[in-house]
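Using the working numbering, the letters of the sequence shown correspond one by one to residues 83 to 418. For glycine and all other residues, C-beta sits at the position ideal for the given N, C-alpha and C. Working notes, beginning with the structure itself.
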Amino acid sequence: MNIQQRIMVGLLCLLQCFFLSNCFAQNKVNKKAEAWYFEGIRSENMGMIEEALFCYTKAIKKQKTYILPWLAKANILYRIDSLQSAYDILKKAESCVKTSHVKLDYGLALYSFLLQDYDQAQEHVDKLFEAQHRWSSAFKYEASILQQSIYLADSLVRNPLSYELERLPASVNSSYDEYFPSLTVDGEQLFFTRLEPEEDGLGFWDEDLYSCSREDESWADAVALPSTINSKKNEGANSISTDGNELFYAAMYGQQGDMNIYRAEFANQQWNVPKPLSIAVNSGQWDSQPCLSADGTMLFFTSTRLGGLGNSDIYVARRDSNNVFTVVERLPFPLN
């Protein structure tokens with residue numbers, strides 16, 4: 083996934099939450115148009131997508147200046163992978179409504195951004211801010227994130243980074259699957275996960291952590307981390323500290339939940355017995371994908387714990403003065 087796609091993914095969840103909210107009032111709504119609109123909502127909530135589209139279309143025909151059915155119809159078209167059609171609907175709405183609406187301006191900016199038409203996206207997002215809409219501080223923040231994302235994506239397209247892709251040698255890669263690489267800041271040590279068959283020959287596979295060191299212009303043979311870390315369970319995603327002395331990784335040892343995050347420390351030329359992070363991090367659900375900040379004070383991870391916006395959300399834990407990650411918070415919308 084490239085940088086532009088990552089930016090896009092972080093904003094996709096805005097659509098469902100944003101377009102169907104009633105954040106502004108509209109005067110002089112035709113009663114029949116309003117009835118068709120609410121019938122469309124009812125059909126959509128029941129999963130009757132074609133019926134909902136029909137109802138929104140009828141509402142638009144009854145009153146072309148009624149913005150809500152336009153937005154609802156565009157949202158459905160986006161969800162069924164008709165992004166261009168969704169954008170076209172909002173453009174038609176713009177010509178019919180003739181006055182600036184925050185939802186319409188935002189939707190046009192977002193859809194053109196997702197279509198990677200960054201010139202058009204910049205026009206729409208600039209119009210969004212120039213219109214001086216009455217909006218909440220939370221939504222203004224979300225719109226600012228979209229604006230920054232548009233400018234960043236446009237800059238990346240106009241000034242692409244050049245790089246050469248090179249497969250690592252056989253000392254690292256094998257006939258099995260290698261993934262979740264993590265590199266020390268000096269680029270001298272590489273940690274990764276390898277999926278390989280268990281030795282009992284029963285056909286089961288096991289994830290283990292491996293490491294290798296840079297050797298001249300290449301890499302030395304990868305070696306499995308010791309049995310204090312690797313087990314017959316799965317050890318997966320990892321994150322190594324900048325100095326290479328702290329390893330955070332996800333494992334299925336069956337203590338707090340399905341998947342927990344552990345910390346192992348390298349001291350006296352060996353890896354000490356790892357310890358699970360606090361219950362603030364390990365929730366009893368699926369906690370995985372640790373990623374340590376460069377200064378070591380924050381640990382980002384994913385979790386399926388209760389209270390999330392989606393099935394899995396990104397959280398950050400902060401290290402206290404006792405070297406314990408205690409304070410955990412979910413990253414805000416639109417990241418989640």
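Item: Report the rounded CA-to-CA distance for Q371 versus A319, giving the unit in angstroms.; Value: 5 Å
Item: Using a Cβ-Cβ cut-off of 8 Å (strictly less than) and excluding sequence neighbours within five positions of E280, which residues of its own chain qualify?; Value: F286, W287, D288, K314
Item: Considering only DSSP beta bridges, list what P279 is partnered with.; Value: W287
Item: Under three-state DSSP, which class holds K427?; Value: An answer regarding residue 427 cannot be provided, because it is not within the stretch 83 to 418 covered by the chain.
Item: On the DSSP letters alone, give me the boundaries of the alpha helix (DSSP H) that Y138 sits inside.; Value: 131-144
Item: DSSP puts P242 in a beta bridge; with which residues?; Value: Paired residue(s): none; P242 is not in a bridge.
Item: Going by alpha carbons, who is nearest to N354 out of N342, S218, F330, M334?; Value: F330
Item: Please report how far the alpha carbon of Q229 lies from the alpha carbon of Q352, in whole angstroms.; Value: 48 Å
Item: Around the C-beta of Q145, are 16 or more other C-beta atoms found within 10 angstroms, so that it is buried, or is it exposed?; Value: buried
Item: Hey, E260 and V254: beta-carbon distance below 8 Å or not?; Value: yes
Item: Do D369 and S385 have their C-beta atoms within less than 8 Å of each other?; Value: yes
Item: Taking just the CA atoms, how far does Q202 sit from V363?; Value: 42 Å
Item: Given that a residue counts as buried once 16 or more other Cβ atoms are within 10 Å of its Cβ, and exposed if not, what is I162?; Value: exposed
Item: Hey, would you say S194 sits closer than 8 Å to H206, going by beta carbons?; Value: yes
Item: Of all the options T310, N393, T275, which has the alpha carbon lying nearest to the alpha carbon of L291?; Value: T275
Item: Given R240, which residues of its chain have a CB within under 8 Å of its CB, disregarding the five upstream and five downstream residues?; Value: none
Item: Candidates A156, L391, L272: which alpha carbon is nearest I171's?; Value: A156
Item: Does the beta-carbon of I85 have 16 or more other beta-carbons within 10 angstroms, so that it is buried, or is it exposed?; Value: Bear in mind that a pLDDT of 44 at I85, under 50, signals an unreliable position, so the model cannot answer this.
Item: Here's the rule: buried if 16 or more other CB atoms are within 10 angstroms of the residue's CB, otherwise exposed. What is P356?; Value: buried
Item: Which whole-angstrom value is the C-beta distance of F407 and L381, which I expect to be below 8 Å?; Value: 6 Å
Item: Please determine, among D236, C373, D303, the residue with the shortest C-alpha to C-alpha distance to F383.; Value: C373
Item: Using three-state DSSP, classify E121 as helix, strand or coil.; Value: helix
Item: State the start and end residues of the unbroken alpha helix (DSSP H) segment that holds V111.; Value: First-last for V111: undefined, no H or E at that position.
Item: Let me make sure I understand the geometry here. Which of Q367, N418, S167, G378 has the alpha-carbon closest to that of A333?; Value: Q367
Item: What's the C-alpha gap between L135 and I142?; Value: 11 Å
Item: Taking the alpha-carbon positions, what's the V409 to F262 distance?; Value: 26 Å
Item: Out of E317, R296, I322, Q204, state which residue places its alpha-carbon closest to the alpha-carbon of I227.; Value: Q204
Item: Under a three-way DSSP split, which group does I311 fall into?; Value: coil
Item: Per DSSP, what kind of secondary structure is Q351 in: helix, strand or coil?; Value: coil
Item: Measure how close the beta-carbons of E347 and E328 come, nearest whole angstrom, since I'm counting them as under 8 Å.; Value: 6 Å
Item: Report the partner residues of W217 according to the DSSP bridge assignment.; Value: According to DSSP, which records beta bridges pairwise, W217 is partnered with nothing at all.
Item: In or out: L68 buried (at least 16 other Cβ within 10 Å) or exposed?; Value: Residue numbering for the chain in the displayed model covers 83 to 418; residue 68 lies beyond these limits and cannot be assessed.
Item: Among A376, I343, Q271, which one has its Cα closest to the Cα of D298?; Value: Q271
Item: With a threshold of 16 other CB atoms inside 10 Å of the CB of K110, please say whether the residue is buried or exposed.; Value: exposed
Item: Who are the near neighbours of E121 in its chain, counting only those whose CB is closer than 7 Å to its CB and skipping five residues on each side?; Value: C137
Item: When the distance is taken between beta carbons, is S264 closer than 8 Å to I322?; Value: yes
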